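Enquirer: My questions all concern the structure below.
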Amino acid sequence: MPIPTDHSKPVRTSAKESAFNQIQQWIIDGTLKPGEKLNDSELAEALGVSRTPIRESLQLLEAQGFVVMYPSKGTQVTEVEKESIKELLPPLAALQALSAELAISNLTDEITNKLEQTNKRFADAIHSENDFQALKIDEEFHQIIVDAANNSYIDNMVAYLQAHVRRLFFHQSIILTEQSIKEHDTIIQLMKDGNEVAVSNIMRQNWLRAIEEFKSVKKI
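Going left to right, the sequence shown walks through residues 869 to 1088 as our numbering numbers them.
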């Protein structure tokens, strides 16, 4: 089981959380491949922790659908199901739309500037055809809005769904387009205008459009 060594070791006081985050990231970006068997001892050694936080992390990852733990047989990374995009994106779109509505009342010049600068970086990534970077910056853009909504329940649910969407997008080579840049600009302007109904609609459209684009390419 190949494990990278160029990563930061988790802090002992938060070993479980750090181990969980790192293993999840390896599963999402394909470092740990679908179907790959995971070894507790190897993961513990790589992350510089005991096997206990590794086992606890794997239990959490199983609960979230990233791994399957077989009694007496070990743990295996789950497969990537491309059809799951039809189940993942609608609830995520609804939560993101609600976040945009709620964020309006908390909007500041600092948040607006951050959104604008992030979308410029997103546009640069799109224009340079850096698809992987574009996906990461797109998620960063939307997380700024989720953070501004200041609702811990939304934040937790978005984080769960977003992790699966991120994995699906990376493994299925989803390519974001120029249209997303324009929609981001519109979202920012509508938030400035305080137009909750319109920003909710465009945010939902921004996410659900990916299903049609994905279907046209992947034929799901």
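The beta carbon of each residue, even a glycine, is placed where N, CA and C say it ideally should be. Predicted model, so just to flag it, every value in this text is computed and none were measured.
Name, in chain order, the residues that DSSP records as bridge partners for T943.
Expert: Answer is L906 and M937, bridged to T943.
Enquirer: Excluding five sequence neighbours on each side, which residues of the same chain lie with their C-beta closer than 7 Å to the C-beta of E969?
Expert: If we look at E969 and ignore the five residues flanking it on each side, its Cβ neighbours are E1064, V1067 and S1068.
Enquirer: Assess contact between the segment 957-964 and the segment 1020-1034, defined as three or more Cβ pairs (one per stretch) separated by less than 8 Å. Is contact present?
Expert: Contact holds: three or more Cβ-Cβ distances are below 8 Å.
Enquirer: Where in the segment 1002-1057 do unbroken runs of the alpha helix (DSSP H), each at least 4 residues long, occur, reported from the N-terminal end onward?
Expert: DSSP runs (the alpha helix (DSSP H)) wholly in the segment 1002-1057: 1020-1039.
Enquirer: Please say whether V948 and L906 have beta carbons closer to each other than 8 Å?
Expert: Cβ distance not < 8 Å, so L906 and V948 don't count as in contact.
Enquirer: For the segment 970-987 and the segment 1007-1022, state whether three or more C-beta atom pairs, one from each stretch, are separated by less than 8 Å.
Expert: Enough Cβ pairs lie closer than 8 Å, so yes.
Enquirer: What's the gap between the Cα of Q1057 and the Cα of Q892?
Expert: Approximately 35 Å between the Cα atoms of the pair.
Enquirer: In angstroms with no decimal places, state the Cα-to-Cα distance between I1070 and A914.
Expert: Approximately 43 Å between the Cα atoms of the pair.
Enquirer: Do the CB positions of L956 and V1033 come within less than 8 Å of each other?
Expert: Result yes, Cβ atoms of L956 and V1033 sit closer than 8 Å.
Enquirer: Do I994 and L1044 have their CB atoms nearer than 8 Å?
Expert: Their beta carbons are under 8 Å apart, which means I994 touches L1044 by this criterion.
Enquirer: Tell me which same chain residues have a C-beta within less than 8 Å of the C-beta of T980, skipping the five on either side of it?
Expert: Excluding sequence neighbours, T980 sits near I1056, M1059 and K1060.
Enquirer: Inspect the beta-carbon positions of I1079 and K950 and report whether they are closer than 8 Å.
Expert: Their beta carbons are not under 8 Å apart, which means I1079 does not touch K950 by this criterion.
Enquirer: If you count every other CB in all the chains shown that lies within 10 Å of the CB of R1072, and 16 or more means buried, which is it?
Expert: R1072 should be labelled buried.
Enquirer: Measuring straight from C-alpha to C-alpha, what distance separates E930 and K1050?
Expert: Going by the C-alpha atoms only, they are around 37 Å apart.
Enquirer: Nearest-angstrom Cα distance between L911 and D1006?
Expert: So the two alpha carbons sit approximately 30 Å from each other.
Enquirer: Below 8 Å between beta carbons: does that hold for D1053 and N987?
Expert: The answer is yes: Cβ separation under 8 Å.
Enquirer: What number of angstroms, rounded off, separates the C-alpha of R880 from the C-alpha of V917?
Expert: Here R880 scores only 44 on pLDDT, less than 50, and its place in the model is too uncertain to base an answer on.
Enquirer: Ignore the nearest five residues each way along the sequence and tell me which others in P921's own chain have a CB closer than 6 Å to its CB.
Expert: Here the set comprises A883, K884 and A887.
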